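This report concerns only the one structure given below.
Residue numbers (the numbering used here), protein chains in the order written: chain W, 1 to 170; chain D, 1001 to 1261.
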């Protein structure tokens, strides 16, 4: 099997029913998709499959043979964060950070699909993603800011505090 | 881990590879089967993976709509049938709806401490016909007859006539995960027949025939519906609570059907 992961064509050795989540984490060492509930209920493993947000824990590897996979690693680097990553850091939309990867991939798909800053639409788009720190207000703030095309100094949060360890900027 | 994974590239190849279905696990979107494998509840020997089987066609012929087995649940919202759209959009969340398949949702067995098969009720109300293949070959039968023996068969498609009116009402239950705890679907066909069905009762979805017979009086129909089903007692709701709620949902659906007359 072959996957194009974050723009790099990659040959896959895992078995056909191995979840895409395990292919990414265990075979390829791409650890932004998180192992949460592993039954499709939490959204922490969401990646983009040909641009569409998919729960990687529910996706057999063979079913996406030949697909383009995008993870947080493909959005941007700590030095060159994507607009979604900048907005999440600026708006302090990560608390423990476990749900953040999935939230950002769902956000990326929402924005690429022409999503607006309508909070109800954002809630709907991110409806499959659970933040157990319950930091939803800041997450929605961040998504709305990206939808409005706002740009930020990624070294400073919306609260005015300097970024130290959120985006690897320290 | 599976010893054999088969990936048919056409509907006819899917039928041929499924054969009599013995010891074969079918994976459509993966949303039901993958957790079973992950959690070690299922160790399949022979898997039919339908990703490329070409069973995802939706066709409209006059008033008859045919939905292929691996059609994604979110595609049902595009058919312009109010009750079916509402039922489909009540399933899980958008990411799951764009991965999970109609056939999988029809065939799924009882969940672990939660009901499953959200679409069964809406499709029963539409008097849907299921075309499937199995040990005795291919056949087409009403969904109600298909449900009891659904586990041994491969669904090919589901067809139904566009109703004159349709409606859906569900018990809204705040929970981390989006389950259909209890829901009622109703449809009035073009000949005026009203069909009602409940999802989230014990076992698969079931027609509410006593309620249908009393449908001209929504309150009486709601009370009658309680006798049509057995209520599940699970982690999401007690049987008692479901029994209190079903009449309310039946009344709402019948009222909505009346309003759309």
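Where a beta carbon is used, it is the ideal one built from N, C-alpha and C, also for glycine. Bear in mind the structure is a predicted one, so any value in this text is a computation, not a measurement.
- By the Cβ test, the segment 1223-1230 of chain D is not in contact with the segment 1157-1166 of chain D, since fewer than three Cβ pairs between them sit closer than 8 Å.
- The bridge partners DSSP lists for residue 1196 (chain D) are D:1186.
- Counting only runs of 3+ residues, the beta strand (DSSP E) found wholly inside the segment 1105-1151 of chain D occupies 1129-1134, 1137-1142, in chain order.
- The beta-carbon separation of residue 1124 (chain D) and residue 1211 (chain D), rounded to 13 Å, does not stay under the 8 Å limit for a contact.
- Counting only runs of 4 or more residues that sit fully inside the segment 52-116 of chain W, the alpha helix (DSSP H) segments are 83-90, 100-112, in chain order.
- Secondary structure of residue 1243 (chain D) (DSSP, three-state): helix.
- Within the segment 1016-1051 of chain D, the runs of alpha helix (DSSP H) at least 4 residues long that lie entirely inside it are, in chain order, 1033-1038.
- Under the three-state reduction of DSSP, residue 1063 (chain D) is assigned to coil, being neither helix nor strand.
- Following the DSSP letters along the chain, one finds residue 1095 (chain D) inside the alpha helix (DSSP H) bounded by residues 1094-1097.
- If you look at residue 146 (chain W), you'll find it in the alpha helix (DSSP H) that goes 136-147.
- Here DSSP, grouped into helix, strand and coil, assigns residue 1207 (chain D) to strand.
- Distances from the CA of residue 30 (chain W) to each of W:65, W:75, W:63, W:42 were compared; the closest alpha carbon is that of W:75.
- At a C-beta separation below 9 Å, residue 1049 (chain D) has these neighbours in chain W: 16, 17, 60, 62, 63.
- When the Cα atoms are used, residue 1121 (chain D) and residue 1104 (chain D) turn out to be separated by approximately 14 Å.
- Here DSSP, grouped into helix, strand and coil, assigns residue 1074 (chain D) to helix.
- Contact residues of the segment 1014-1035 of chain D toward chain W are 1027, 1029, 1030, 1031, 1034, 1035 (C-beta to C-beta distance below 8 Å).
- For residue 1095 (chain D), the nearest CB of chain W lies under 7 Å from its own CB, placing it at the interface with that chain.
- Residue D:1178 holds the alpha-carbon nearest to the alpha-carbon of residue 127 (chain W) among D:1178, D:1036, D:1085, D:1023.
- The alpha-carbon of residue 1048 (chain D) is positioned some 27 Å away from that of residue 42 (chain W).
- In terms of Cα proximity to residue 1035 (chain D), the closest of W:7, W:59, W:81 is W:59.
- DSSP, reduced to helix, strand and coil, places residue 6 (chain W) outside both helices and strands of the structure shown, so it counts as coil.
- The C-alpha of residue 24 (chain W) is placed about 11 Å away from the C-alpha of residue 35 (chain W).
- In this structure residue 104 (chain W) touches residue 72 (chain W) by the C-beta definition: roughly 6 Å separates them, less than 8 Å.
- Here the segment 1180-1196 of chain D does not lie against the segment 1095-1111 of chain D, with fewer than 3 beta-carbon pairs under 8 Å apart.
- Short of 6 Å from the beta carbon of residue 1015 (chain D), and not among the five residues preceding or following it, lie these beta carbons of its own chain, in chain order: 1133.
- In the structure shown, the three-state DSSP call for residue 15 (chain W) is coil.
- At a beta-carbon threshold of 7 Å, the residues of chain D lying near residue 125 (chain W) are 1094, ordered along the chain.
- DSSP places residue 1157 (chain D) inside the beta strand (DSSP E), whose first and last residues are 1154-1161.
- At least 7 Å separates the CB of residue 51 (chain W) from every CB of chain D.
- In summary, residue 132 (chain W) is exposed, with fewer than 16 beta-carbon neighbours lying within 10 Å of its beta-carbon over all protein chains present.
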